[in-house]
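Under the working numbering, think of the first position of the sequence shown as 643, with each following residue one higher.
Everything on this sheet refers to the single structure shown next.
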Amino acid sequence: MKEITQILKAYSEAKKANKKTALATVVKVEGSSYRQPGARMLVTEDGNLTGAISGGCLEGDALRKALLSIHQQQNKLITYNTSNEGDSEVGLQLGCNGIVHILFEYIDEAITNNPIQLLEELKTERKGAVVATVFSLKRQAAQIGTVLFYRENSSVLFQNDVVLNIIPDVKKVLEEKTSAIKKINDDSENEVLLEYINPPVSLVIAGAGNDVQPLVKMVEILGWEITVGEGRATHAIQKRFPAAKNVIIANPEQLFESISIDDQTYLVLMTHNYKYDLAMLKLLLDSDCTYIGILGPKTKLNRMLDDLQNEGITVNDEQLNRIYGPIGLDIGAETSEEIALSIVSEIKAVISARKGTSLKFKTEKIHNQNAYGR
């Protein structure tokens, strides 16, 4: 979501400067690739790039293709064979062992529901959505491009035969929260990337000490929305956490009431105030929060569970599975910066349903190939 947010901002700036643009989207990957379907890059007519479609190896040639799309004011699909070191057409020796199909869409502001306008809909609500991009691998075929934004209970912004044909698959992707690539129908040469997009991760940090500052800085790089809150007016100050969306001076009850918890919300308790953390944990137990991280040793968590038990509150297995204490992955962290890295890594692993182990020992592919119907 961060990449899309940056692209939307860059487009707004280009529009103000009367610069023409094209949107490059990875629509399909065969084999291995640095970026997966849904990766995007905005290109302006003067050569500015926002976002990425590879680790940097494709951007140079993709810039030229995007400028051609802008000049001709039409969509184009380009295929890069990154496993072919002798690729004479592209002239790239990438060694990624994959074939990457990239769709370049000229952005015409005069067209209602152009790709940028559809992506703008993501900012209207904190709910998952599906963006549908139609393409064809057949040479010289007309490239339809991004045709649909869909969210639960939302109306279809515009309808044609292609859109109506993919609606059942769009609804299935939204329900399963898993992106897919589908053929439009058995007779069509067109395929469609049905990309499920979550709202930004929301990280709520109970605590505003000095050790929270590196955590906020790291999370800012990831594009997560950040809320910092605690009771000390001397610490919960916006200028100490400029990247935070919200900085709140609040007791546990006030902080809990001020936040909205959905399936993309993650909580970290690190106030260094035992009673504050305990009160927050008590409030969070019956919430829908997927992750409750508690800074401190295992003895602290055990004491908290005992104190809750003494209050007549028994933490069940489902609740206990959502509690991570001590917080973070075991990377030998000691400094506040290292601890922040450990915390962010664990949360990302939870988001991705991974164990956080070294890729060296992974026997299957790094990326989940089943996410795109392969």
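For glycine and all other residues, C-beta sits at the position ideal for the given N, C-alpha and C.
Query raised in the report: Taking C-beta to C-beta, are Val742 and Lys670 nearer than 9 Å?
Result: It is a contact, given that the beta carbons lie within the stated cut-off.
Query raised in the report: First and last residue of the alpha helix (DSSP H) that includes Val1017?
Result: Since the first and last residues shown for the chain are 643 and 1016, residue 1017 lies out of range.
Requested in this report: Please classify Ala886: is it buried, with 16 or more other beta-carbons within 10 angstroms of its beta-carbon, or exposed?
Outcome: Burial call: buried.
**Report entry** Every unbroken beta strand (DSSP E) within the segment 745-771, with a cutoff of 3 residues, ordered by chain
**Finding:** Entirely contained in the segment 745-771, not one beta strand (DSSP E) run reaches 3 residues.
Query raised in the report: With burial defined as no fewer than 16 other Cβ atoms inside 10 Å of the residue's Cβ, what is the status of Lys824: buried or exposed?
Result: In this structure Lys824 is buried. Its beta-carbon is surrounded by 16 or more other beta-carbon atoms within 10 angstroms.
**Report entry** Rounded C-alpha distance that separates Asn893 from Leu911
**Finding:** Taking the straight line from one Cα to the other gives about 13 Å.
Requested in this report: Counting only runs of 4+ residues fully inside the segment 857-940, write out the alpha helix (DSSP H) ranges in chain order.
Outcome: As far as the segment 857-940 is concerned, its whole alpha helix (DSSP H) runs of at least 4 residues are 894-900, 916-926.
Query raised in the report: For the beta strand (DSSP E) that Ile839 lies in, which residues bound it at each end?
Result: Ile839 -> beta strand (DSSP E) spans 832-839.
Query raised in the report: Taking the DSSP output, what are the residues bridged to Thr721?
Result: Its beta-bridge partners are His743.
Query - Anticipated Cβ contact below 8 Å, Gly693 with Arg682, distance rounded - result: Cβ-Cβ separation between Gly693 and Arg682: approximately 5 Å, consistent with a contact (criterion under 8 Å).
Requested in this report: Please state whether DSSP places Ile1008 in a helix, a strand or coil.
Outcome: Note: Ile1008 maps to coil in three-state DSSP.
Query raised in the report: Roughly how many angstroms lie between the CA atoms of Thr913 and Gly998, to the nearest whole one?
Result: The alpha-carbon atoms of Thr913 and Gly998 are separated by roughly 26 Å.
Requested in this report: Name the two residues that bound the continuous alpha helix (DSSP H) containing Lys813.
Outcome: Looking at the DSSP string, the run of the alpha helix (DSSP H) that includes Lys813 is 803-818.
Requested in this report: Output the distance between the C-alpha atoms of Ile934 and Gly689, rounded to the nearest integer angstrom.
Outcome: Using only the alpha carbons, I get a separation of about 44 Å.
Report task. Closer than 8 Å by C-beta to Lys718: which residues in its own chain qualify, once you throw out the five before and the five after it? Chain order, please. Result -> So the qualifying residues of the chain are Lys707, Leu710, Ser711, Leu745, Phe746, Gln785.
Query raised in the report: My guess is that Ile965 and Glu988 are in contact by the Cβ rule of under 8 Å, so how many angstroms apart are they, rounded?
Result: Rounded, the Cβ-Cβ distance is 12 Å, inconsistent with contact.
Requested in this report: Tell me, please, whether the segment 973-982 touches the segment 845-860 by the rule of three or more beta-carbon pairs shorter than 8 Å.
Outcome: Counting Cβ pairs under 8 Å, three or more are found: they touch.
Query raised in the report: In terms of residue numbering, what span does the alpha helix (DSSP H) encompassing Ser994 cover?
Result: Unbroken run through Ser994: none, as it is neither H nor E.
Report task. Measure the C-alpha to C-alpha separation of Lys644 and Gly954 and round it to an integer number of angstroms. Result -> Rounded to whole angstroms, Lys644 to Gly954 spans 43 Å at the Cα level.
Query raised in the report: In the DSSP assignment, what residue or residues form a beta bridge with Leu845?
Result: Note: Leu845 sits in a beta bridge opposite Ile868, Tyr908.
Requested in this report: Identify whether Arg677 lies in helix, strand or coil by the three-state DSSP scheme.
Outcome: Reduced to three states, the DSSP call for Arg677 is coil.
Query - Whole-Å CB distance - Ala975 paired with Ser984, under 8 Å assumed - result: About 4 Å separates the beta carbon of Ala975 from that of Ser984, a gap short enough to meet the 8 Å contact definition.
Requested in this report: For my contact list, Val812 and Val789 are in at a C-beta cut-off of 8 Å; report their separation, rounded to the angstrom.
Outcome: At roughly 10 Å, the Cβ-Cβ gap does not stay under 8 Å, so Val812 and Val789 are not in contact.
Query - Where Ser654 falls: helix, strand or coil (DSSP) - result: In the structure shown, the three-state DSSP call for Ser654 is helix.
**Report entry** Per DSSP, cross-strand counterpart(s) of Glu672
**Finding:** Residue pairing by DSSP places Glu672 opposite Ile741 in a beta bridge.
Query - Span separating the alpha-carbon of Glu794 from that of Lys940 - result: Using only the alpha carbons, I get a separation of about 41 Å.
Requested in this report: May I ask you to report which of helix, strand or coil DSSP gives Val957?
Outcome: Of the three classes helix, strand and coil, the one that applies to Val957 here is coil, per DSSP.
Requested in this report: Go ahead and pull the three-state DSSP assignment for Thr999.
Outcome: If DSSP states are grouped into helix, strand and coil, Thr999 belongs with coil.
Query raised in the report: Excluding the five sequence neighbours on either side, which residues of its own chain have a C-beta within less than 6 Å of the C-beta of Phe883, listed in chain order?
Result: Closer than 6 Å at Cβ, skipping near neighbours: Val858, Val870, Val889.
Query raised in the report: Residue range of the beta strand (DSSP E) that Leu779 falls in?
Result: Premise fails: Leu779 is in no beta strand (DSSP E) and is neither H nor E.
Report task. Tell me, to the nearest whole angstrom, how far the beta carbon of Asn827 is from that of Asn807; I am working on the premise that it is less than 8 Å. Result -> That belief holds up - the Cβ atoms of Asn827 and Asn807 are roughly 6 Å apart, short of 8 Å.
Query raised in the report: When the cut-off is 9 Å and only beta carbons count, does Leu909 lie next to chain C?
Result: No chain C is part of this structure, which consists of one protein chain only.
**Report entry** C-beta contact flag for Ile847 and Ile868 at 9 Å
**Finding:** Taking 9 Å as the Cβ cut-off, Ile847 and Ile868 qualify as a contacting pair.
**Report entry** Beta bridge counterpart(s) of Arg682 as assigned by DSSP
**Finding:** According to DSSP, Arg682 bridges with Thr667.
Requested in this report: Along the beta strand (DSSP E) that carries Arg964, what are the first and last residues, could you check?
Outcome: It is not in any beta strand (DSSP E) - Arg964 carries neither H nor E in the DSSP assignment.
Query raised in the report: Closest to Pro679 by CA distance: which of Ala659, Thr686, Ala666 is it?
Result: For Pro679, the nearest C-alpha among the options comes from Ala666.
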